[in-house]
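Residue numbers (UniProt numbering): 1 to 504.
To keep things clear, I will list the structure first and then write my remarks on it.
Next comes the structure, spelled out in structure tokens:
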């Protein structure tokens with residue numbers, strides 16, 4: 001039998017169900033492994049007693065004859081989801097030590113499915129960032145090269161999955177915060193259609209963009225996690241889609257179009273049209289990223305897919321549009337952290353206004369302060385129409401560009417990020433350089449579309465050789481099952497998703 005930490009979700013669930021191990025044993029093993037590799041900075045908090053209690057409860061459910069795909073499987077949650085059993089900090093000093101009186105809906109759903117929570121995972125402060133360097137508790141380190149960033153904001157999630165600290169974990173994606181770290185760390189990550197997963201109990205950054213998702217080693221494991229965590233929650237989340245829960249793994253292993261003429265076991269994706277936006281393959285993409293992406297697309301052709309050139313002409317506008325809309329929503333959402341009811345309160349202040357100023361200045365990091373200031377500016381009198389309203393209008397045009405592209409193809413593919421992971425500290429003094437790294441993930445987020453990053457090979461040069469590269473796949477609204485089907489077929493034909501960083 002494989003070592004417990006080498007097993008994915010399905011393998012571990014099967015081993016537990018077959019009584020080759022127990023949930024309690026797997027939980028103890030993975031907790032010990034997580035503590036052994038704490039230098040990676042993946043975890044922010046543990047509660048061993050609570051985790052083992054959940055594991056023992058799962059073992060009791062198994063003993064009673066219950067069987068579900070996640071029963072007894074240890075996972076962990078990005079520290080943007082509030083939890084009763086673990087502190088919920090959102091990677092910020094503002095919420096240091098905060099203990100929520102309730103669980104986020106995503107956390108509750110996964111617990112009901114039998115998953116065991118090992119702890120909370122590192123992230124950029126309030127999910128603002130693409131490198132995990134904005135966490136108030138220090139950066140997470142990419143296990144492929146610990147001098148490099150893991151991507152963000154779900155950096156701790158990507159690190160934990162890549163370093164075999166757990167088989168799968170939750171993340172959130174506002175502008176690429178699942179897909180970009182999945183690419184940088186060589187794991188599989190999916191962001192579903194906006195509204196698929198409840199935002200209740202997810203600390204808000206940009207409400208019209210934030211969406212929960214999953215990271216695991218394979219598309220099949222992502223499908224298992226997403227099936228458990230997604231579903232309508234309209235009573236508690238007004239942005240939740242009133243759409244029935246689905247089995248997102250129902251198409252895995254099937255031929256494209258479920259038996260469309262011409263599809264075979266050797267070419268299961270016969271009939272699939274993959275759109276390649278010309279804007280995703282231009283000068284801005286590093287050659288060492290482009291090569292593995294093109295090789296992956298060639299593999300898709302072998303599987304029967306047809307490549308079609310499409311255009312997303314407003315791709316370049318996605319960055320200015322996002323960095324107007326997201327900070328505007330952040331400035332509104334983060335106004336609640338004022339030191340009155342909860343959150344950090346300055347030790348010394350003269351009056352109420354001084355308490356507000358000092359509490360927020362002391363507890364918010366530089367990137368969060370920067371975005372609050374930008375957001376407040378674009379929403380201010382005299383600038384709302386010129387900036388915020390105009391950005392929303394262009395956002396609608398970006399969504400229309402996707403619909404025109406989907407008239408010619410079924411899925412859209414390209415690089416998840418224009419480069420491999422950069423060195424920690426390399427872009428610390430240049431926030432715009434960090435923002436530009438989201439160029440390929442932002443358009444889909446602005447449109448609210450589902451997207452994935454799938455391990456597609458390795459790039460880098462010199463000291464940075466052997467760094468993971470992710471292929472991004474995007475589908476039309478509510479097409480997660482088709483996305484996962486295409487990703488699974490690729491992973492059945494390749495082994496990039498099975499590669500582990502040396503030493504882990």
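The beta-carbon is built from N, C-alpha and C at its ideal position, and this holds for glycine as well.
Spanning the alpha carbons of residue 402 and residue 409 requires a straight line of approximately 10 Å.
Counting only the Cα atoms, residue 150 lies some 36 Å from residue 61. Residue environment: residue 388 is assigned as buried (16 or more neighbouring CB atoms within 10 Å of its CB, all protein chains considered). In summary, residue 126 is buried, with 16 or more beta-carbon neighbours lying within 10 Å of its beta-carbon over all protein chains present. With distances taken between CA atoms, residue 117 lies nearest to 82 out of 2, 189, 82. Contact between residue 213 and residue 42 fails: their C-beta atoms lie close to 17 Å from each other, not under 8 Å. By the neighbour-count criterion, in which 16 or more other beta carbons inside 10 Å mark a residue as buried, residue 381 falls on the exposed side. Note on residue 310: 16 or more other CB atoms within 10 angstroms of its CB, so buried under the neighbour-count rule. Beta-bridge annotation (DSSP): residue 215 is paired with 169, 189. In terms of CA proximity to residue 370, 327 leads the group 327, 398, 248. Around the beta carbon of residue 128, 16 or more other beta carbons lie within 10 angstroms, which makes this residue buried.
Going by beta carbons, residue 456 and residue 293 fall inside the 8 Å limit. Judged by beta-carbon spacing, residue 397 lies beyond the 8 Å limit of residue 144, meaning their Cβ atoms are not closer than that value.
In this chain, residue 494 is not harboured by any alpha helix (DSSP H), its DSSP state being neither H nor E.
Unbroken alpha helix (DSSP H) stretches of 4 residues or longer found wholly inside the region 38-66: 48-63, given in chain order. 367 is the residue among 349, 367, 281, 407 whose C-alpha sits nearest the C-alpha of residue 133. Following the DSSP letters along the chain, one finds residue 306 inside the beta strand (DSSP E) bounded by residues 306-310. At the C-beta level, residue 24 and residue 55 come within 8 Å of one another.
Looking at the DSSP output, residue 458 bridges to 468. The region 313-331 and the region 192-212 touch, with three or more beta-carbon pairs separated by less than 8 Å. Shown here for residue 245: same chain residues with a beta carbon closer than 6 Å to its own, the five before and five after excluded, namely 231 in chain order. Contact between residue 360 and residue 385 is absent: CB atoms are separated by about 28 Å, not below the 8 Å threshold. For residue 352, there are no CB contacts under 6 Å within the same chain when 5 residues up- and downstream are skipped.
Within a 10 Å sphere around the beta-carbon of residue 202 sit 16 or more other beta-carbons, which makes this residue buried. With fewer than 16 neighbouring CB atoms inside 10 Å of its own CB, residue 283 falls in the exposed class. Secondary structure at residue 490: helix, using DSSP grouped into helix, strand and coil.
Following the DSSP letters along the chain, one finds residue 209 in no alpha helix (DSSP H), marked with neither H nor E. Only exposed fits residue 238, as fewer than 16 other CB atoms lie within 10 angstroms of its CB. Only residues of its own chain outside the window of five on either side were considered, and among them 147, 148 have a CB closer than 7 Å to the CB of residue 423, listed in chain order. DSSP lists 423 as the beta-bridge partner residues of residue 148. Cα atoms of residue 433 and residue 138: separation of roughly 20 Å, rounded to the nearest angstrom. With three or more CB-CB distances shorter than 8 Å, the region 247-258 counts as touching the region 470-490. Under the three-state reduction of DSSP output, residue 413 falls in the strand class. Straight through space, the alpha carbons of residue 254 and residue 72 are spaced by roughly 28 Å.
Secondary-structure assignment with DSSP links residue 116 through a beta bridge to 74.
Between residue 79 and residue 161, the alpha-carbon positions lie close to 15 Å from each other.
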